[in-house]
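Okay, so here's the structure we're looking at.
2 protein chains.
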Amino acid sequence: MRTPVETPAKRPPAERLLDTASALFAEFGIRAVGVDRILAEAGVARASLYSSYGSKDGLVHAYLDRLDRRDRARWNDAVVGIDDPVRRILTFFDLALASAPGKNFRGCQYANAATEFPEERIEPVLAHREWLLDTLVGLLDRAGAADPGLTAERVRLIYDGALAGSKFEHSIEPIRRGRDLAAELIEAVRGARRAHADA
Amino acid sequence: MRTPVETPAKRPPAERLLDTASALFAEFGIRAVGVDRILAEAGVARASLYSSYGSKDGLVHAYLDRLDRRDRARWNDAVVGIDDPVRRILTFFDLALASAPGKNFRGCQYANAATEFPEERIEPVLAHREWLLDTLVGLLDRAGAADPGLTAERVRLIYDGALAGSKFEHSIEPIRRGRDLAAELIEAVRGARRAHADA
DNA sequence: ATCTGTATAGAACGGTCTGTCTATCTCGAC
DNA sequence: GTCGAGATAGACAGACCGTTCTATACAGAT
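In the order they appear, the protein sequences are chains P and B. Mapping the first sequence onto the UniProt record's numbering, position 93 (from 1) lands on 93, and the numbers just tick up by one. Mapping the second sequence onto the UniProt record's numbering, position 33 (from 1) lands on 33, and the numbers just tick up by one.
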């Protein structure tokens, strides 16, 4: 049993399916993409979808779950070698800046999923947001910010607004503005704690 | 020809249709609501929809157009008697705070529409955002803020983030936080201009 | 009383959706 | 060579989609 090196090493159907579905869901929305289209673009048989994921809903959950895990991993990779907690926070914006154009400025995929399925509580979406908030709290605490909990909520709010604006305007400008605003906000609350300590 | 006063004055089908559709679109999303359901809940005949609006798409556009006009009117009514430009700005957040629970914390309906139809450029959505920004610029200028253009963009970004957070958390807390953050931001840039003028 | 415009109910159409099923094929293990 | 798992293609079912159509009922104006 050897892994073919020269050939494109045709990947198993389940993986091709998830890759194709992820790209289509992100670009056009979940409800707007039917399984027929996913199957055609992935070059995969219908039965493979239902044996691997059980249903379209199963595929959707696999998409969101992997999205969460990958986004965390991408941030973790990006902050390797960065010690400054503020720069680590701004990395969230930097990653969004880098990926927004390639995703047609579709904004936050978690927000999009929550919009398309307003009645469901989607576990990976909630988990991702909680991770983001917890990470921000820890970093702001390390940065010496006054009231890290409140500031973390505010930074996340700015992050949400930045991605929403990017979707509206099909531009990275709102993300840039959000980055600047977050940086200034953090700088201000660092000063506040310093001033308080001085007094 | 008299207007009946005592009876509920059964309103014409086109209006009932738009009211029902607006409520359903807002709560469950546009794609998720079929015309059958709208017709049933409005108690209106099928043909009335197509004679009044031409198609479901026509109904959707009427919904978004009226939403824009009503939101502007609602803000205009709310700021009657309020002179302070900062309080006028915060009225945007106050209105969102008041209406969010009744709308099941579905966030910004313009953002939701943009999410559900990523390929279209939806005119009322763009117009509403432009009106919001222009209004903010004028008020911030009157408030004596440094760089009203930039600050207006930032306030709108905070507003977007507040509504997005409200949708995620099914709570008005993010809107409250956005209001506070916007108030502090405006106060800071007012101080900046005063300080600059003093120097 | 008749005409007209508008609302009604409901059948029907073509299309698309998710999901199931059958039947064939490929390929690695033994 | 044989077997079996997994992939393939494609037909099929049943529901729902938006839309068009016919036929009927009812109001007000003439």
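For each residue, glycine too, the CB sits at the ideal point set by N, CA and C.
Per DSSP, G29/P lies in no alpha helix (DSSP H) segment and is marked neither H nor E. P12/B counts as exposed, since fewer than 16 other C-beta atoms from the protein chains shown sit within 10 angstroms of its C-beta. Inter-residue distance for G29/B and A192/B is about 43 Å (C-alpha atoms, whole angstroms). A straight-line Cα-Cα distance of about 31 Å links D36/P and Y53/B. Within the same chain, A26, E27, N112 and K167 come within 7 Å of R106/B by CB-CB distance, once the 5 residues on both sides are set aside.
Using a Cβ distance threshold of 8 Å, L157/B and L181/P count as a contacting pair.
Neighbours of G34/P across chain B, judged by C-beta separation under 9 Å, do not exist; the nearest C-beta is about 12 Å away. Taking the Cβ atoms as the reference, Q109/P lies roughly 6 Å from L67/P, within the contact range of under 8 Å. When the beta-carbon positions are compared, A152/B and L140/B come within less than 8 Å of each other. With a cut-off of 8 Å on Cβ pairs, the segment 69-77 of chain B is not in contact with the segment 41-55 of chain B, counting fewer than three such pairs. Nearest in C-alpha terms to N76/P, of all of R88/P, D65/P and P174/P, is R88/P. Judged by beta-carbon spacing, L59/P lies within the 8 Å limit of L17/P, meaning their Cβ atoms are closer than that value. Within chain B, not a single residue places a beta-carbon under 7 Å from that of P101/P; the smallest gap is close to 14 Å.
With a threshold of 16 other beta carbon atoms within 10 Å, A40/P falls short and is exposed.
Counting only Cβ-Cβ distances below 7 Å, N112/P has contacts in chain B at T115, in chain order.
Less than 8 Å divides the Cβ of A145/P from the Cβ of V189/P. The beta carbon of V125/B is closer than 7 Å to those of L64, Y110, A113 and A114 in its chain, skipping five residues each way along the sequence. Contacts between G178/P and chain B, judged by CB atoms closer than 7 Å, involve L157 in chain order. Inter-residue distance for D83/P and G149/P is about 21 Å (C-alpha atoms, whole angstroms). D94/P: member of the alpha helix (DSSP H) spanning P85 to S99, first to last residue.
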